[in-house]
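Enquirer: Please find one structure pasted underneath; my questions will follow.
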Amino acid sequence: MNLSPMEQYWIWLSSIEGLGPKRFYQLISVYGDARNVWDNAQDDKMKEILPPPALKKLREARSEGYFYALFARLEKCGMRAITRLSDDYPELLSRIYDPPATLYVLGECPLVRERSFAIVGSRRCTRDGQRAAREFAEVLAREDVTIVSGMANGIDTAAHEGALIAYGRTIALLGCGADVIYPLENEELYHRILDGGGAVVSEYLPGMPPLRAHFPARNRIISGLSQGVLLVEGKEKSGAMITVNAALDQNRDVFAVPGSIYSPLSAAPNRLIVEGAIPVLSGWDVLEHYRWAAREDASKSAPRPKLELDPEDDKIVQPLLEQELSFDELANLVDFPIAKLNSHLTMLELRGIIVKVPGGMYRAYL
Numbered sequence: 003m004n005l006s007p008m009e010q011y012w013i014w015l016s017s018i019e020g021l022g023p024k025r026f027y028q029l030i031s032v033y034g035d036a037r038n039v040w041d042n043a044q045d046d047k048m049k050e051i052l053p054p055p056a057l058k059k060l061r062e063a064r065s066e067g068y069f070y071a072l073f074a075r076l077e078k079c080g081m082r083a084i085t086r087l088s089d090d091y092p093e094l095l096s097r098i099y100d101p102p103a104t105l106y107v108l109g110e111c112p113l114v115r116e117r118s119f120a121i122v123g124s125r126r127c128t129r130d131g132q133r134a135a136r137e138f139a140e141v142l143a144r145e146d147v148t149i150v151s152g153m154a155n156g157i158d159t160a161a162h163e164g165a166l167i168a169y170g171r172t173i174a175l176l177g178c179g180a181d182v183i184y185p186l187e188n189e190e191l192y193h194r195i196l197d198g199g200g201a202v203v204s205e206y207l208p209g210m211p212p213l214r215a216h217f218p219a220r221n222r223i224i225s226g227l228s229q230g231v232l233l234v235e236g237k238e239k240s241g242a243m244i245t246v247n248a249a250l251d252q253n254r255d256v257f258a259v260p261g262s263i264y265s266p267l268s269a270a271p272n273r274l275i276v277e278g279a280i281p282v283l284s285g286w287d288v289l290e291h292y293r294w295a296a297r298e299d300a301s302k303s304a305p306r307p308k309l310e311l312d313p314e315d316d317k318i319v320q321p322l323l324e325q326e327l328s329f330d331e332l333a334n335l336v337d338f339p340i341a342k343l344n345s346h347l348t349m350l351e352l353r354g355i356i357v358k359v360p361g362g363m364y365r366a367y368l
């Protein structure tokens with residue numbers, strides 16, 4: 003890391019436990035820069051800005067031992083520290099109300115990007131929601147859009163995966179240290195993001211565990227790094243709405259995928275659309291909104307080859323294109339013997355035409 007002395011003092015100050023962006027910027031406002039905070043750590047005025055626990059931490063950290071150990075720790079992790087003093091700090095993010103003082107970054111993906119877009123949604127999502135997030139991300143990433151999300155289970159995971167399918171860049175914002183894999187079941191995804199030229203980013207020091215209070219703060223960075231935010235699925239009080247509300251506060255564009263009015267997981271996107279969010283049906287709707295790309299004229303493109311189904315398979319597939327059905331519901335509709343229906347379903351699953359979704363339901367995709 004090539005850091006100026008002033009950047010090093012900035013990183014030192016931002017690393018102190020208990021400060022947070024608000025108190026950090028108060029100190030910078032009063033003392034002018036982080037070097038002067040170091041020099042005036044015993045100043046009585048400090049008591050007017052910091053509560054006793056934070057002041058104690060600051061004075062304890064004002065030592066060469068703490069200072070050098072901090073940078074040795076970053077070096078050992080192979081982590082970049084990007085401060086608001088740096089040209090590498092994203093201008094979009096710097097304009098939000100409470101920008102992180104320092105970003106800790108693993109991976110080579112530049113954070114200053116002309117095209118960046120966030121995709122968020124519920125951890126407990128439907129198969130259709132995962133598919134939508136993956137397909138939106140894939141379409142956008144193929145047009146050189148960096149996909150930003152939080153690497154949580156569900157919609158976030160699908161969004162990162164979609165970008166990787168397109169060999170595009172994706173940035174994961176964590177509510178823990180960037181060297182801490184969370185959730186643990188996304189360990190493979192974490193490494194794929196880094197190996198694919200993406201980045202894992204946090205405002206927390208390496209080694210910081212994933213604490214509940216960190217995630218709402220993390221969400222403001224997801225929206226702050228992005229020109230717009232897409233909500234794929236979420237209940238009325240979904241955690242993903244924290245990101246959406248941050249986006250609205252930051253004057254970012256908000257997009258939503260419409261869904262059934264009877265699905266609890268479509269409640270938040272549908273409500274946003276009623277209140278003025280931009281409804282979108284594919285990644286091309288986002289690309290055209292920003293004039294990043296225009297979809298090919300369908301009349302000039304070669305027609306997609308039609309999938310040939312025999313009449314009995316077609317009788318099974320057609321109702322499953324419209325909605326998810328249980329085995330018993332499907333059996334009543336098609337009126338096949340149980341063994342015959344089982345055989346057809348197995349072959350259609352092997353061909354990738356239908357999938358079995360949670361709850362023992364079936365759904366078709368053509």
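The numbering of the sequence shown is the numbering used here, which starts it at 3 and goes up by one. For each residue, glycine too, the CB sits at the ideal point set by N, CA and C.
(1) On a Cα-Cα basis, can you pick out the residue from Pro112, Gly152, Ser6, Glu145 that is closest to Asp287?
(2) Can you tell me which residues form a DSSP beta bridge with Tyr364?
(3) Helix, strand or coil for Ser268 per DSSP?
(4) Output the distance between the C-alpha atoms of Val319 and Asn334, rounded to the nearest integer angstrom.
(5) Let me know the secondary structure DSSP gives Pro102 once reduced to three states.
(6) Give the DSSP-derived three-state secondary structure of Ala168 in the structure shown.
(7) By the three-class DSSP mapping on this structure, what secondary structure does Ile121 have?
(8) Taking contact to mean 3 or more Cβ pairs, one atom from each stretch, closer than 8 Å, check whether the stretch 93–109 and the stretch 49–65 are in contact.
(9) In the structure shown, what three-state DSSP assignment does Ser65 receive?
(10) In whole angstroms, give me the CA-to-CA distance for Glu77 and Leu191.
(11) Please list the terminal residues of the continuous alpha helix (DSSP H) segment that includes Thr245.
(12) Which of helix, strand or coil does DSSP assign to Phe338?
(13) Would you kindly report the start and end of the unbroken beta strand (DSSP E) that includes Leu233?
(14) For Asn221, which residues in the same chain have their Cβ closer than 6 Å to its Cβ, ignoring the five residues on either side in sequence?
(15) Quick one: what's got a C-beta closer than 7 Å to Cys373's C-beta in the same chain, skipping five residues either side?
(16) Consult DSSP for Asp255 and reduce its assignment to one of helix, strand or coil.
(17) Determine the DSSP secondary structure at Pro55, reduced to helix, strand or coil.
(18) Do three or more CB pairs link the stretch 128–137 to the stretch 87–96 at distances below 8 Å?
(19) Within its chain, find whatever has a CB closer than 6 Å to the CB of Met48; leave out the 5 residues flanking it on each side and keep chain order.
Expert: A quick look at the data gives this:
(1) Nearest of Pro112, Gly152, Ser6, Glu145 to Asp287, Cα basis: Glu145.
(2) DSSP lists Leu327, Lys358 as partners of Tyr364.
(3) Of the three classes helix, strand and coil, the one that applies to Ser268 here is helix, per DSSP.
(4) Rounded to the nearest angstrom, the two C-alpha atoms are 14 Å apart.
(5) Coil, per DSSP.
(6) It is coil, neither helix nor strand.
(7) In this structure, Ile121 counts as strand in the three-state DSSP scheme.
(8) For the pair of segments examined, the stretch 93–109 was found not to touch the stretch 49–65: the number of CB pairs separated by less than 8 Å stays below three.
(9) DSSP, reduced to helix, strand and coil, places Ser65 outside both helices and strands of the structure shown, so it counts as coil.
(10) Rounded to the nearest whole angstrom, the C-alpha separation of Glu77 and Leu191 is 24 Å.
(11) Boundaries of the alpha helix (DSSP H) around Thr245: 242–251.
(12) Annotated three-state conformation of Phe338 is coil, per DSSP.
(13) Here the beta strand (DSSP E) through Leu233 covers 230–233.
(14) Taking Asn221 as the centre and dropping the five residues before and after it, the same chain places the C-beta of Ile244, Thr245, Ala248 closer than 6 Å to its C-beta, in chain order.
(15) The structure shown does not extend to residue 373, since the chain is modelled only from 3 to 368, so the question has no answer here.
(16) In the displayed model, Asp255 falls within a strand according to three-state DSSP.
(17) Note: Pro55 maps to helix in three-state DSSP.
(18) By the Cβ test, the stretch 128–137 is not in contact with the stretch 87–96, since fewer than three Cβ pairs between them sit closer than 8 Å.
(19) Counting only Cβ-Cβ distances below 6 Å, and skipping sequence neighbours, we find Leu57.
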